[in-house]
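For reference, the structure discussed in these notes is given below.
Numbering (the UniProt record's numbering), first residue to last: 1 to 353.
Okay, structure coming up:
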């Protein structure tokens, strides 16, 4: 009989049984129109792009993204989404006995990839004393030293809470941590906090993760990047499987990077809708809204579960946490004005009942 790893028995298949008409659960950017992109890609796609492996350095794509971020190409590593890069970072920099440190709560895939690798994990609980999750450098660094952490990974802005951490505290952590620090900036475009991308030249232990799934609205493309110094970039690139990114993905990403203004406009629209929706939520009884710096809003109320159940009945989907630190919280990404107006009406109906 085939034997499975018992330490992975608790994992569940990550499959969605039904895609709702209004999917507000995956933090996608529905506010950017890429309807012209498939035709544009088709015009520039060659037969060899699908019959040959092509350039496994993805030089054109990296050159375009380097220009977009104003970094050097030897500071970049491409990945099939940020997920592959997270997996590769765990594989590259952790031995089995080493400890990966993250914060609680944070993106669940950090722990999943760590478990797959077989290394140890420690979670630093965020401070909720100010009614929202906060991060103190001194406390985290003390925790890291006690845990013997070799790699620290966290998202900023944080997923799932939507908050952004103080940049001063983050920089203290990068400067004071003895190992590798990975800051996942998937949602940084929606934040008023500056990116740490330009800090990679100042620290030899810093990797920044970025994605084209959120602000660029290309989640189905599965395209992400690691930005770091050339030494770490070379080490990370060693473990990437050759030709792991389809040529059509690289070509599509390269073309999309020519439309930076379109991305900025969609981000501005998202922020306007987020502001309006947050103001609506704050006007509801017993509602607590976390200070969002992302394209989603995280909130709770005594009737949060009822909002979720009623939403499911009306072909909406979003994240409802039934347990853990965020028990009874909702995480809801923004959509167009009309969709969010429907959501407002649904919430008002629940409140009135």
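C-beta atoms are modelled at their ideal positions from N, C-alpha and C, and glycine is treated no differently.
Item                                                                                                                                                                                     : Value
Buried or exposed, going by whether 16 or more other CB atoms sit within 10 Å of the CB of residue 127?                                                                                  : exposed
What are the start and end residues of the beta strand (DSSP E) that includes residue 154?                                                                                               : 149-155
Determine the closest residue to residue 103 out of 232, 170 and 247, with distance taken between C-alpha atoms.                                                                         : 170
Assuming residue 154 and residue 183 make a contact with CB atoms under 8 Å, what is their CB distance in whole Å?                                                                       : 7 Å
Can you pull the DSSP bridge partners for residue 320?                                                                                                                                   : 330
Can you list, in chain order, the residues of its chain with a C-beta nearer than 8 Å to that of residue 26? Leave out the 5 residues immediately preceding and following it.            : 219 and 333
Which value, in whole angstroms, describes the spacing of the CA atoms of residue 199 and residue 317?                                                                                   : 37 Å
Report yes or no: do three or more beta-carbon pairs, one from the stretch 306-313 and one from the stretch 46-57, lie closer than 8 Å?                                                  : no
Determine the direct distance from the alpha carbon of residue 240 to that of residue 253, and round the result to whole angstroms.                                                      : 19 Å
Where does residue 4 sit, in a helix, a strand or coil, going by DSSP?                                                                                                                   : coil
Taking 8 Å as the threshold, find out whether the stretch 257-266 comes into contact with the stretch 275-290 through three or more Cβ pairs.                                            : no
Can you tell which of 336, 119 and 72 has its C-alpha closest to the C-alpha of residue 233?                                                                                             : 72
In terms of DSSP beta bridges, what is residue 122 paired with?                                                                                                                          : 101
Taking just the CA atoms, how far does residue 179 sit from residue 70?                                                                                                                  : 26 Å
Do residue 196 and residue 295 have their CB atoms nearer than 8 Å?                                                                                                                      : no
Please check the pair residue 141 and residue 176, which I expect to be a contact at CB under 8 Å, by giving their CB distance rounded to whole angstroms.                               : 5 Å
Which residue comes first and which comes last in the beta strand (DSSP E) that contains residue 76?                                                                                     : 76-79
Rounding to the nearest angstrom, what Cα-Cα distance links residue 245 and residue 5 in this structure?                                                                                 : 29 Å
Under three-state DSSP, which class holds residue 65?                                                                                                                                    : helix
Please report how far the alpha carbon of residue 132 lies from the alpha carbon of residue 290, in whole angstroms.                                                                     : 6 Å
Specify the secondary structure class of residue 113 as computed by DSSP and reduced to three states.                                                                                    : helix
Considering only C-alpha positions, which residue in the set 51, 341 and 139 is nearest to residue 243?                                                                                  : 51
Could you give the first and the last residue of the continuous alpha helix (DSSP H) run that contains residue 276?                                                                      : 260-282
Name the residue from 75, 144 and 302 whose alpha carbon lies nearest to the alpha carbon of residue 99.                                                                                 : 144
Kindly list the residues whose CB is nearer than 7 Å to the CB of residue 147, restricted to its own chain and excluding five residues on each side of it in sequence; keep chain order. : 99, 101 and 122
Can you tell me the Cα-Cα spacing of residue 43 and residue 36, whole angstroms?                                                                                                         : 11 Å
Sorted by chain position, which residues of the same chain lie with C-beta nearer than 8 Å to residue 92's C-beta, five sequence neighbours on each side aside?                          : 235, 236, 238 and 239
Is the stretch 320-332 in contact with the stretch 295-304, if contact means three or more CB pairs nearer than 8 Å?                                                                     : yes
Ends of the alpha helix (DSSP H) at residue 9?                                                                                                                                           : Taken as a continuous stretch (DSSP letters only), residue 9 belongs to no alpha helix (DSSP H), as it is neither H nor E.
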